[in-house]
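For the sequence shown, counting from 1, position 86 maps to 86 in the UniProt record's numbering; every step adds exactly one.
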Amino acid sequence: MKKIYRLQGIGGSVYVALPKEWLRRFNLDKGSVVEVSIDVDGALKILPIAKSEKVLESSEARYGNEIEIFVDKPAEVYTSLLTAYLRGFDTITLRFSGGAIEREVKGVIESTKDLLLGLETVDIGSNYIVLKVLASEDADIDSLIRNMHKMIRFMYLDAFNSLESGDIELAKAVVLRDRDVNRLYFYITRTIRKRILTQVLEPKVLLKLVDSRMLIKFIEEIGDEAKNAALASIELSPKREKLSKESIDKVKEAVNNIDEIYRDVVMKAHEKSIEIAELRQYMKTCLITRDSLKHLRVKLIESLDLYWFTEFIKSFENIAMNVYDILSLIPFELVSAMIYE
């Protein structure tokens, strides 16, 4: 549950009251020790030390840049690997009871490795598996982000093209591409977090990394929506003849509006400057496009035969808002690179 708290000033310091239910839950009072950390996205995290130590002793052990995790069931493997990967550990050892769950654990590991770029198995025993991240730490983040831009742009364009042409195979291809986008997203996230945690950074460099972290999240969400649109296109295939040309043309116009902004503004933000008045107009266009799609969806929503078409439209409403959010990260009047460098 989220609550709004007002900061209080006492002397030269600023304080905020902690939720009473949280204090009671962890049996905390004046003098209790807590661990405070700032996440990459700016979130402030407070963790009771006793709770932290208990979790550490029972489920994991850290040795520098290595971590050893004990898993009781296969369902824990994916989350454990993903968390350790994103936290920047280079060597991850998974220990398990062996026997009955060994095959299942190894199956989940193989599936997870396909999603986490650079993660490879380097040692296997009857009750443990050692994995190491072999990907370079010197990746060009800007170049990787440009690749993400290209990938998700073709995803949402092909999702629409699959609907317009009735090409189910194209829609299926879009769904498969989402996994590649996720791999890149997790890898860039890991790279950004490691740089923030292990390097002394100038404020402008740190700001750029934080903005990049937010940016790739919006890009990844566009990829998710493109995948959802492609899935809706597949479901629509048997009833495609019930779609009116007028409705398809309205969606096409909206997709073209979104793509024009994405292609000419978002993907070229590092190449050219943009005036604040222009930026506001582009953001306004995103809102207008979202509203036009929503209006069309509401008109069609009562038709049960067109349920998947309304879901398709909803995905592009969300894409329009993700593009709006990306535009909000572009520095006014100047190219991003000129602001940061």
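Even glycine gets a Cβ: it sits at the ideal position worked out from N, Cα and C.
Of the residues the options, the one placed nearest residue i, counting alpha carbons only
i: A139; options: F96, T191, S303; result: T191
i: F312; options: R297, M321, D325, D178; result: R297
i: A254; options: N228, S292, E164; result: S292
i: W308; options: A230, A320, V266; result: A230
i: S233; options: V200, E246, F160, D178; result: F160
i: R195; options: D180, R213, L18; result: R213
i: T83; options: T285, I69, E302, P19; result: I69
i: I222; options: I152, N257, E202, V266; result: I152
i: G166; options: L243, D90, V181, L115; result: L243
i: Y85; options: F96, V133, F154; result: V133
i: S126; options: V205, T112, E102, H149; result: E102
i: D158; options: V175, K299, I216; result: V175
i: F96; options: T79, E110, P74; result: P74
i: E137; options: Y187, K172, E35, E260; result: Y187
i: I145; options: T189, Y156, S111; result: T189
6 Å CB neighbourhood of residue i in its chain, flanking five on each side removed
i: N318; result: E225
i: A135; result: L117, G118
i: K250; result: L296
i: V130; result: T93, V122, D123
i: residue 346; result: The structure shown does not extend to residue 346, since the chain is modelled only from 1 through 341, so no value can be given for it.
i: T91; result: E66, K132
DSSP state of residue i mapped onto helix, strand, coil
i: S13; result: strand
i: I326; result: helix
i: I69; result: strand
i: I101; result: helix
i: P74; result: coil
i: E120; result: strand
i: Y340; result: With a pLDDT of 46 at Y340, under the threshold of 50, the modelled position of this residue cannot be trusted; read the value that follows with caution. Correct three-state label for Y340: helix.
i: Q281; result: helix
i: R95; result: strand
i: V200; result: coil
i: E35; result: strand
i: I276; result: helix
i: Y128; result: strand
i: I46; result: strand
Residue span of the alpha helix (DSSP H) that contains residue i, given as start and end
i: P203; result: 203-236
i: K250; result: 245-261
i: L144; result: 141-165
Own chain residues within Cβ distance below 7 Å of residue i, not counting five before or after
i: K239; result: D305
i: E235; result: W308
i: L170; result: D158, N161, S162
i: T310; result: R297, L300, I301
Bounding residues of the beta strand (DSSP E) (the contiguous stretch that carries residue i)
i: K239; result: Per DSSP, K239 belongs to no beta strand (DSSP E) and is neither H nor E.
Neighbourhood of residue i by C-beta distance below 8 Å, restricted to the same chain and skipping five residues each side
i: R179; result: D114, L115
i: N182; result: L115, E220, G223
i: Q8; result: V14, Y15, V16, A17
i: I248; result: L163, E164
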